[in-house]
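Colleague:
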Amino acid sequence: MAIDPRLLALPVAELASRLASGALRASDLAEASLMRIAEREEAVGAFAWFDAEFVRRQARILDEWRGRGRALGPLHGVPVAVADTIDTARIPTSNGTPADAQRVPDADAAITERLRAAGALLIGKTETAELGYRQPPRTRNPVNPAHSPGVASSGSAAAVGAGMVPLAVGVEGSGSVIGPAAYCGSVGYKPSFGSIARRGTLALAPSLDTPGVFAADVEGAAMLAEALFGYDATDPATSYAPHPRLLDAARSAPPVKPTFALVRTPFWDQASADMQGALGELAEHLAERCFEAELPAIFAECEIHFERVLEAEMARSLVGYGQRHGALLSAPLRETLERGGAILARDYLAAKDWQSVYRAGIMAILDRCDAILTPAAPGPAPEGLDNVGSPVFNRLWTFAGLPTITLPLLESENGLPMGVQLVGRLGEDARLLRAARWLEQTILKGGTPE
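In this text, residue positions in the sequence shown follow our numbering: the first is 16, and each later residue adds one.
What follows is the structure in structure tokens.
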């Protein structure tokens, strides 16, 4: 039977349903993904490690399993790409640095374990920035290769944006999921801090690091995230809690139409004219379903506090790289680690105190709405691969530990996608996803909010 690569254009929830019922073989979907990768990978450069025969062997095993009974899990046979800062047993994990070029982990990360348990088909390891920070990888934007795909988890965002895989995983620290997703035209979802265990992922800033997911739509993001959520004894940020039914929540109709708060943030002057105009038009379109809210001027100082926590924790987490492989690190990263190492403990602790202060101020707005509406990035993807863009519209929410999701609902004058970011209450990820899907369906289907 001829393989139709257009299979990958179907909603991932439908693909998963067909795979679970046996109407679609994992081998056929894997071949569709391999065909798409063969078409796009040379131009996009999304993968740090990829082995087509390994993909085919996984797919055959999954089909044999399905032939003996039932689907292995909710992601049975669904292709998923994993960022190269997430450990995969017996598969190279180089963390975006030549210092780890020969590194092959013995054990899976918690994320990889849960993907395998859910029956996912591991397509490959995606390109990431140097040690997950700011040095741009070789990946190019799938919409326009002359523009940046973002930074850090850009390989995962580009793989989904290019249609090579329906799902991918990355890690958010400083706009590392939301920014690339916005630039590459995919959905990027960063859950509440502590929702997904980080065992086996590169530690950059433990107070901030949050695994996130990429998909073509909100349902796909909810399906993947639900498989990854859960407690892990090795990650103190996680906790025992009932497992969330994210996919059911995303699919459900809101009891009442969601209300959004347009929050420009103190950094609005850094948004491009395209972004300012498009987001304003979206707010007008939502009419009474959207109101404007302001954050106090003191929130502008979040950048100072965020940088202090980020750089101090990076200096601690990456000290071994600096000591053993300093010559292999980029000059900007070495300078960041030096700054972080010079931060006084009192200044670091004082900066961390602001996390709860900012969270309380944001929650006061969220008490009046279902989600905050704000830019996912200053504008469309910057031109040139060295300009990875600014995370200025991501850091506040990450610092407060709140769940965020970006939807590719806007477009700039030059045809590049722009992301709309929604921010939800801490721990209320299901409510955020439900509101996000309502907005996604309303805008993409050309509906008018009632």
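Even for Gly, the Cβ is constructed at its ideal location relative to N, Cα and C.
1. Which residue marks the beginning of the alpha helix (DSSP H) containing glutamate 322, and which one marks its end?
2. Which stretch, first to last residue, makes up the beta strand (DSSP E) that contains tyrosine 255?
3. If I measure Cβ to Cβ from glycine 200 and keep anything under 6 angstroms in the same chain, skipping five residues before and after, which residues do I get?
4. Compare the Cα-Cα distances from glycine 139 to each of Val180, Ile126, Ala116, Gly399 and report the closest residue.
5. My output table needs one value for phenylalanine 208: the three-state DSSP class, helix, strand or coil.
6. Using only the alpha-carbon positions, how far apart do alanine 396 and serine 427 sit?
7. Using DSSP's beta-bridge definition, name the partner residues of proline 432.
8. Could you pull the start and end residues of the beta strand (DSSP E) that leucine 182 belongs to?
9. Short check: CB of leucine 381 to CB of arginine 449, under 8 angstroms?
10. Mark tyrosine 198 as exposed unless 16 or more other C-beta atoms lie within 10 angstroms of its C-beta, in which case mark it buried.
11. What residue from Ile420, Ala67, Phe321, Gly430 has the CA that sits closest to glycine 355's CA?
12. Can the beta-carbon of leucine 130 be found less than 8 angstroms from the beta-carbon of alanine 242?
13. Please report the residue range of the alpha helix (DSSP H) in which glutamate 347 lies.
14. Just how far apart, CA to CA, sit alanine 35 and leucine 310?
15. Below 6 angstroms CB to CB, which residues in the same chain sit around valine 59 once its five sequence neighbours on both sides are set aside?
16. Got a sec, what are the start and stop residues for the beta strand (DSSP E) lysine 140 sits in?
17. With distances taken from CA atoms, which of Arg452, Asn409, Ala240, Ile377 is nearest glutamate 187?
18. Does the distance from the CB of serine 332 to the CB of alanine 212 come in under 8 angstroms?
19. Determine the burial state of aspartate 401: buried for a count of at least 16 other Cβ atoms within 10 Å of its Cβ, exposed for fewer.
20. Taking only the alpha-carbon atoms, compute the straight-line gap between glycine 165 and glycine 227 and give it to the nearest angstrom.
21. Note down, in chain order, each residue of its chain lying with its Cβ closer than 8 angstroms to the Cβ of threonine 249, except the 5 sequence neighbours on either side.
22. Label leucine 459 either buried or exposed according to how many other C-beta atoms from any shown protein chain fall within 10 Å of its C-beta, with 16 as the threshold for buried.
23. Pull up the distance between the alpha-carbon of serine 32 and that of proline 89, whole angstroms please.
24. Could you give the uninterrupted runs of the beta strand (DSSP E) lying entirely in the segment 341-421, keeping only those of 3 residues or more?
25. Give me, in chain order, the residues of the same chain whose beta-carbon lies closer than 7 angstroms to that of alanine 96; leave out the 5 immediate sequence neighbours on both sides.
26. Taking threonine 225 as the reference, which of Glu307, Asp123, Gly416 has the closest Cα?
27. How many Å lie between arginine 361 and serine 191 at the Cα?
28. Compute the Euclidean distance between the alpha carbons of proline 251 and serine 222, then round it to the nearest angstrom.
Modeller: Considering the structure as presented:
1. One-based indexing of the sequence shown puts residue 322 at position 307. It spans 317-332 - the alpha helix (DSSP H) in which glutamate 322 sits, taken as one unbroken run.
2. Translated into positions along the sequence shown, residue 255 becomes position 240. Looking at the DSSP string, tyrosine 255 is not in any beta strand (DSSP E), and its letter there is neither H nor E.
3. Here residue 200 refers to the residue found at position 185 of the sequence shown. Around glycine 200: Val158, Gly176, Pro423, Pro432.
4. Taking the first residue of the sequence shown as position 1, residue 139 is located at position 124. Of Val180, Ile126, Ala116, Gly399, the residue nearest in Cα terms is Val180.
5. Translated into the one-based positions of the sequence shown, residue 208 becomes position 193. Three-state result, phenylalanine 208: coil.
6. To locate residue 396, count along the sequence shown from 1; it is residue 381. To locate residue 427, count along the sequence shown from 1; it is residue 412. Answer to the nearest angstrom: the Cα atoms are 10 angstroms apart.
7. Your numbering for residue 432 matches position 417 in the sequence shown. Paired residues: Glu426.
8. Start at 1 with the first residue of the sequence shown, and residue 182 comes out as number 167. Counting along the chain, the beta strand (DSSP E) containing leucine 182 begins and ends at 182-187.
9. Here residue 381 refers to the residue found at position 366 when the sequence shown is read from its first residue. Here residue 449 refers to the residue found at position 434 when the sequence shown is read from its first residue. No, the pair does not count as a contact, with Cβ atoms beyond the cut-off.
10. Counted from its first residue, the sequence shown places residue 198 at position 183. Buried, since its Cβ has 16 or more Cβ neighbours within 10 Å.
11. Indexing the sequence shown from 1 puts residue 355 at position 340. If we check each option's Cα against that of glycine 355, Phe321 comes out closest.
12. Position 115 of the sequence shown holds residue 130. Position 227 of the sequence shown holds residue 242. The answer is yes: Cβ separation under 8 angstroms.
13. Position 332 of the sequence shown, counted from the first residue, corresponds to residue 347. Note that residue 347 is proline in the sequence shown, not glutamate. It spans 346-356 - the alpha helix (DSSP H) in which proline 347 sits, taken as one unbroken run.
14. Counting from one through the sequence shown, the residue named residue 35 turns up at place 20. Counting from one through the sequence shown, the residue named residue 310 turns up at place 295. Whole-angstrom Cα-Cα distance: 47 angstroms.
15. On the sequence shown, residue 59 is found 44 positions in, with the first residue counted as 1. Cβ neighbours of valine 59 beyond the five flanking positions: Arg155, Pro157, Ala173, Ala177.
16. Against the sequence shown, residue 140 aligns to sequence position 125. Start and end: 136-141.
17. In the sequence shown, counting from the first residue as 1, residue 187 sits at position 172. Per the Cα distances, Asn409.
18. By one-based count along the sequence shown, residue 332 stands at place 317. By one-based count along the sequence shown, residue 212 stands at place 197. No, these two residues do not count as a Cβ contact at 8 angstroms.
19. Translated into positions along the sequence shown, residue 401 becomes position 386. It counts as exposed.
20. Taking the sequence shown and counting its residues from 1, one reaches residue 165 at position 150. Taking the sequence shown and counting its residues from 1, one reaches residue 227 at position 212. Taking the straight line from one Cα to the other gives about 15 angstroms.
21. In the sequence shown, residue 249 corresponds to position 234, counting from 1. So the list reads Ala125, Ala212, Arg214, once near-sequence residues are dropped.
22. Within the sequence shown, residue 459 is the residue found at index 444, counting from 1. It is exposed - the Cβ of leucine 459 has fewer than 16 other Cβ atoms within 10 Å.
23. As a position in the sequence shown, residue 32 is number 17, starting the count at 1. As a position in the sequence shown, residue 89 is number 74, starting the count at 1. Rounded to the nearest angstrom, the two C-alpha atoms are 9 angstroms apart.
24. 386-390
25. As a working note, residue 96 is residue 81 in the sequence shown. Ile138, Gly139, Thr141, Ser171, Ala174, Val180, Ala183, listed in sequence order.
26. Against the sequence shown, residue 225 aligns to sequence position 210. Minimum Cα distance to threonine 225 is reached at Gly416.
27. Taking the sequence shown and counting its residues from 1, one reaches residue 361 at position 346. Taking the sequence shown and counting its residues from 1, one reaches residue 191 at position 176. Whole-angstrom Cα-Cα distance: 28 angstroms.
28. Taking the first residue of the sequence shown as 1, we reach residue 251 at position 236. Taking the first residue of the sequence shown as 1, we reach residue 222 at position 207. Each residue's alpha carbon lies about 11 angstroms from the other.
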